[in-house]
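Okay, so here's the structure we're looking at.
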Amino acid sequence: MMSITRKPSLTDILNNETSYPYSLDDFATFLDSTYCLENLEFYLAVRRYTYYAYNFYNYSSSPLSSSIDSDSILESPTSILSDLPYDDDSSLRGDAPAHLNFLKQKLHDLITTFILPNSPKEINILAETRDDLLANVFQYNNYHP
């Protein structure tokens, strides 16, 4: 009798729950060969930012606090792509102003790397989406993911 194996889902791959030839590294190599690796790098950067924001909004007594779906956050902050590591923000927890500054810097880095026109790894998004995102951050100081 033939064994039927299930091909992994994109979620499985993005969560690095697969192995060759469907590993996250294999997927990154494929995206690099098709000149669109920045999309995966952006996705992983957003996951990291969400992890930091989750830490801030859950540990801060700020009026901005609200819940973030913790199931979508990596429990163990490890990097698959070596140039996009997690920074340890544990020492900032409990120091809301310092933690917020850290969060702002991470979002600024994300925007200047992926969102702004002509940024080093600019992703292809609608101008309206980009404008809304930039307005939320720079006009309304909204750092919540």
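Numbering-wise, the sequence shown is residues 1 to 145 according to the UniProt record's numbering.
All C-beta atoms in this analysis are idealised placements derived from N, C-alpha and C, irrespective of residue type, glycine included.
Because the structure is a prediction, the values reported are computed rather than measured.
Of the residues the options, the one placed nearest residue i, counting alpha carbons only
| i | options | result |
| --- | --- | --- |
| residue 42 | 21, 124 and 132 | 124 |
| residue 49 | 29, 110 and 140 | 110 |
| residue 40 | 93, 122, 97 and 5 | 122 |
| residue 134 | 120, 112 and 118 | 112 |
| residue 90 | 58, 26 and 27 | 58 |
Residue i classed as buried or exposed, judged by whether at least 16 other C-beta atoms fall within 10 angstroms
| i | result |
| --- | --- |
| residue 38 | buried |
| residue 107 | buried |
| residue 210 | Any question about residue 210 goes unanswered here, given that the chain covers just 1 to 145. |
| residue 140 | exposed |
| residue 61 | Confidence at residue 61 is low in this model, with a pLDDT of 45, below 50, so its placement is unreliable and the value that follows should be read with caution. Exposed. |
| residue 10 | exposed |
| residue 129 | exposed |
| residue 143 | buried |
N-terminal and C-terminal residue of the alpha helix (DSSP H) that residue i is part of
| i | result |
| --- | --- |
| residue 13 | 10-14 |
| residue 91 | Unbroken run through residue 91: none, as it is neither H nor E. |
| residue 31 | 24-33 |
| residue 130 | 127-138 |
CB of residue i within 8 Å of CB of residue j, strictly
| i | j | result |
| --- | --- | --- |
| residue 99 | residue 56 | yes |
| residue 24 | residue 14 | yes |
| residue 103 | residue 52 | yes |
Through-space distance from residue j to residue i, alpha-carbon basis
| i | j | result |
| --- | --- | --- |
| residue 94 | residue 145 | 20 Å |
| residue 114 | residue 33 | 19 Å |
| residue 120 | residue 96 | 31 Å |
| residue 12 | residue 45 | 18 Å |
| residue 36 | residue 118 | 15 Å |
| residue 126 | residue 28 | 24 Å |
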